[in-house]
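Participant:
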Amino acid sequence: MKILGIESSCDETAAAVVADGNIILSDVVASQEELHRKYGGVVPEIASRAHIEAILPVIDEALATAGVKLDDVDVLAVSNRPGLVGALLVGVSAAKAIAWAVRKPLVAVDHVRAHVYAYCLQSHEIVFPCVVLIASGGHTLILHAQSPTQCRILGTTADDAAGEAFDKVAAILGLGYPGGPVIDRIAGDGDPNAIKFPRSYLERGSLNFSFSGVKTSVLYYWKGQDGRGRAEHERAPLADVVASLQEAIVDVLVDKTMLAAERMKVERVMLGGGVACNSRLRLRMKAAAEERGMHLMAPPPRHCTDNAAMVAGLAHHLALENNFASLDLEPKPALIRSEL
Ligand code: KG4
Ligand code: ZN
595 MKILGIESSC
605 DETAAAVVAD
615 GNIILSDVVA
625 SQEELHRKYG
635 GVVPEIASRA
645 HIEAILPVID
655 EALATAGVKL
665 DDVDVLAVSN
675 RPGLVGALLV
685 GVSAAKAIAW
695 AVRKPLVAVD
705 HVRAHVYAYC
715 LQSHEIVFPC
725 VVLIASGGHT
735 LILHAQSPTQ
745 CRILGTTADD
755 AAGEAFDKVA
765 AILGLGYPGG
775 PVIDRIAGDG
785 DPNAIKFPRS
795 YLERGSLNFS
805 FSGVKTSVLY
815 YWKGQDGRGR
825 AEHERAPLAD
835 VVASLQEAIV
845 DVLVDKTMLA
855 AERMKVERVM
865 LGGGVACNSR
875 LRLRMKAAAE
885 ERGMHLMAPP
895 PRHCTDNAAM
905 VAGLAHHLAL
915 ENNFASLDLE
925 PKPALIRSEL
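Counted from 1, the sequence shown has number 606 at position 12 by the numbering used here; the numbering is strictly sequential.
What follows is the structure in structure tokens.
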């Protein structure tokens, strides 16, 4: 079964053709990073307009690279939730129009669940059941996944997502957008124990997150309590500041994921979402998992960030369950627990 997947939930316009759930025939991603950089974050209106311009060329390229025509596609798949509503609308409208024009069935995919599927794209080993940490610019969630189509939320963030914390701190430090990759790079030369930034664990045993405090504490550290900026001799070098911030975020992500894995008695732990590209997180999570006799599964970086291969791949399993959408499918901006 060949599936054309479409993804437009945030600032990547993506299309991919995937056969039988894990044979990637094409995987095209057009990033809008350049457009949003000068604003220090994703501007929803700009994202929607850029998706409109990119969507058809991206779909054409995905079909051409895969060497298939629309008629050869068996199913259309699109992520319709959660995300920026105007951005989602572009992918959903394109998918519905194509499905109607070529009379092919349509599958609606949850973007978070697609991130959970990303690892399955290149793996033939046993993956489920597992505990999954999805950490991106928009989400930070711990899930218990039983199969590609069945998972349950164990914890989420009360405020900022982990990637958002990286991006906001990078903006405070003048490092540009997106902040995660830059911080990851600079932190490699810094001392992660130089400054003890706060770790927010919330109430005892909680699997929820809060990252707004650590961001504010970097702001005060860097700019002083009056916000005017501290003199250079009063603060640690930039590499130490970002390495310490990264360590504070990674500590909480690792500890809570391990707590969830122990609680659910799983043998496997999985990562997904843009923050799963973080080299320190991958290293620390692998060490923590191995210490407990668990196996860590992390997709390659290009499938951690937003892509359409994960959408088309998951849609294969939804289609096998006859879980099709109708042509009145709508984008839904919020994460809906019951639909996950
Ligand atoms: O999954 P993604 O492409 O989009 C969303 O669904 O949000 O994730 C983007 C996020 C951004 O916040 C970015 O700063 C973060 O992932 N990110 C990283 C790294 N690479 C991307 N964060 C930390 N370290 C990285 N190496
Ligand atoms: Zn995402």
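Glycine included, C-beta positions come from ideal geometry on N, C-alpha and C.
Computed from a predicted model, the values in this text were never measured in an experiment.
For asparagine 916, does the count of other Cβ atoms within 10 angstroms reach 16, so buried, or fall short, so exposed?
Facilitator: Exposed, by the Cβ-count rule.
Participant: Would you kindly work out how many angstroms separate the C-alpha atoms of alanine 830 and isoleucine 720, rounded to a whole number?
Facilitator: Straight-line Cα distance between these residues: approximately 45 Å.
Participant: If distances are taken between C-alpha atoms only, which option among Val710, Lys698, Phe791 and Asp654 comes closest to valine 905?
Facilitator: Nearest option by C-alpha distance: Val710.
Participant: Let me check understanding here. Comparing Cα to Cα, which of Asn901, Leu929, Pro927 and Leu914 lies closest to alanine 608?
Facilitator: Selected option, being the one with the closest Cα: Asn901.
Participant: Measure the alpha-carbon distance for aspartate 654 versus aspartate 621 and round it to whole angstroms.
Facilitator: When rounded, the distance between both Cα atoms is 12 Å.
Participant: Could you tell me which of Val860, Tyr815, Lys880 and Lys817 sits nearest to leucine 847, measuring between CA atoms?
Facilitator: Of Val860, Tyr815, Lys880 and Lys817, the residue nearest in Cα terms is Lys880.
Participant: Rounded to whole angstroms, what is the Cα-Cα separation between alanine 892 and alanine 729?
Facilitator: One C-alpha to the other measures close to 12 Å.
Participant: In the DSSP assignment, the alpha helix (DSSP H) including aspartate 778 goes from what residue to what residue?
Facilitator: Its alpha helix (DSSP H) spans residues 773-781.
Participant: For aspartate 754 and histidine 705, what's the separation of their Cα atoms in angstroms?
Facilitator: Whole-angstrom Cα-Cα distance: 18 Å.
Participant: CB-CB under 8 Å to aspartate 834, same chain, minus the five flanking residues each way: which ones, in chain order?
Facilitator: Gly784, Asp785, Ala788 and Ile789, listed in sequence order.
Participant: Return the Cβ separation of histidine 889 and aspartate 614 in integer angstroms, given the expectation that the two are a contact with Cβ distance under 8 Å.
Facilitator: Wrong, their Cβ atoms sit about 24 Å apart, outside the cutoff.
Participant: Can you give me the start and stop residues for the alpha helix (DSSP H) that lysine 859 sits inside?
Facilitator: Premise fails: lysine 859 is in no alpha helix (DSSP H) and is neither H nor E.
Participant: In whole angstroms, give me the CA-to-CA distance for alanine 702 and tyrosine 815.
Facilitator: Their backbone Cα atoms lie some 45 Å apart in a straight line.
Participant: May I ask you to check if the CB of phenylalanine 760 is nearer than 7 Å to at least one heavy atom of the ligand KG4?
Facilitator: Indeed, a heavy atom of the ligand KG4 lies less than 7 Å from the Cβ.
Participant: In the structure shown, what three-state DSSP assignment does glutamate 639 receive?
Facilitator: Reduced to three states, the DSSP call for glutamate 639 is helix.
Participant: From aspartate 665 to alanine 870, what does the alpha carbon distance come to, in whole angstroms?
Facilitator: Aspartate 665 and alanine 870: Cα-Cα distance of roughly 36 Å.
Participant: Can we count cysteine 871 as close to the ligand ZN, meaning its CB is less than 7 Å from some heavy atom?
Facilitator: Checking the Cβ of cysteine 871 against the ligand ZN gives no.
Participant: Alanine 752 to threonine 734, Cα distance in whole Å?
Facilitator: Answer to the nearest angstrom: the Cα atoms are 9 Å apart.
Participant: Could you tell me if the beta carbon of glycine 867 falls within a distance shorter than 7 Å of some heavy atom in the ligand ZN?
Facilitator: Yes, the ligand ZN has a heavy atom inside 7 Å of this Cβ.
Participant: Please go through the stretch 767-832 and give each complete alpha helix (DSSP H) segment of 4 or more residues, from N-terminal end onward.
Facilitator: Listed in chain order, the complete alpha helix (DSSP H) runs (minimum 4 residues) inside the stretch 767-832 are 773-781 and 806-817.
Participant: From this set, Ala765, Cys724 and Pro894, which residue's C-alpha is nearest arginine 746's C-alpha?
Facilitator: Of the listed residues, the one whose Cα sits closest to arginine 746 is Cys724.
Participant: Restricting to Cα atoms, I'd like to know which of Ala708, Gly868 and Glu861 is closest to glycine 887.
Facilitator: The candidate whose alpha carbon is nearest that of glycine 887 is Glu861.
Participant: To the nearest angstrom, how far is the alpha carbon of valine 776 from that of alanine 764?
Facilitator: Their backbone Cα atoms lie some 8 Å apart in a straight line.
Participant: In whole angstroms, what separates the C-alpha of arginine 798 from that of leucine 737?
Facilitator: Answer to the nearest angstrom: the Cα atoms are 19 Å apart.
Participant: Taking arginine 876 as part of the alpha helix (DSSP H), name the residues at either end of that continuous run.
Facilitator: Unbroken alpha helix (DSSP H) run through arginine 876: 873-885.
Participant: Where valine 863 and glycine 823 are concerned, what is the direct C-alpha to C-alpha distance, given to the nearest angstrom?
Facilitator: The straight-line gap from Cα to Cα measures roughly 41 Å.
Participant: Check for me: the alpha helix (DSSP H) holding tyrosine 690 runs from which residue to which?
Facilitator: Reading the sequence as shown, one finds lysine at residue 690 and not tyrosine. Note, lysine 690: alpha helix (DSSP H), 679-696.
Participant: Give the straight-line distance between the Cα atoms of phenylalanine 805 and leucine 767, rounded to the nearest whole angstrom.
Facilitator: Roughly 17 Å between the two C-alpha positions.
Participant: Does the Cβ of histidine 645 lie closer than 7 Å to at least one heavy atom of the ligand ZN?
Facilitator: Checking the Cβ of histidine 645 against the ligand ZN gives no.
Participant: Using 10 angstroms around the beta-carbon of proline 792, count the other beta-carbons present and answer buried if the total reaches 16, otherwise exposed.
Facilitator: That one is exposed.
Participant: To the nearest angstrom, report how far apart leucine 657 and valine 812 are at their CA atoms.
Facilitator: About 46 Å.
Participant: With the cut-off set at 8 Å, would you say glycine 635 and aspartate 778 are in Cβ contact?
Facilitator: No, the pair does not count as a contact, with Cβ atoms beyond the cut-off.
Participant: Is it true that the CB of serine 642 sits closer than 8 Å to the CB of glycine 680?
Facilitator: Cβ atoms of glycine 680 and serine 642: closer than 8 Å.
Participant: Going by DSSP, what residues sit across from alanine 739 in a beta bridge?
Facilitator: Answer by DSSP bridge pairing, in chain order: Cys724 and Cys745.
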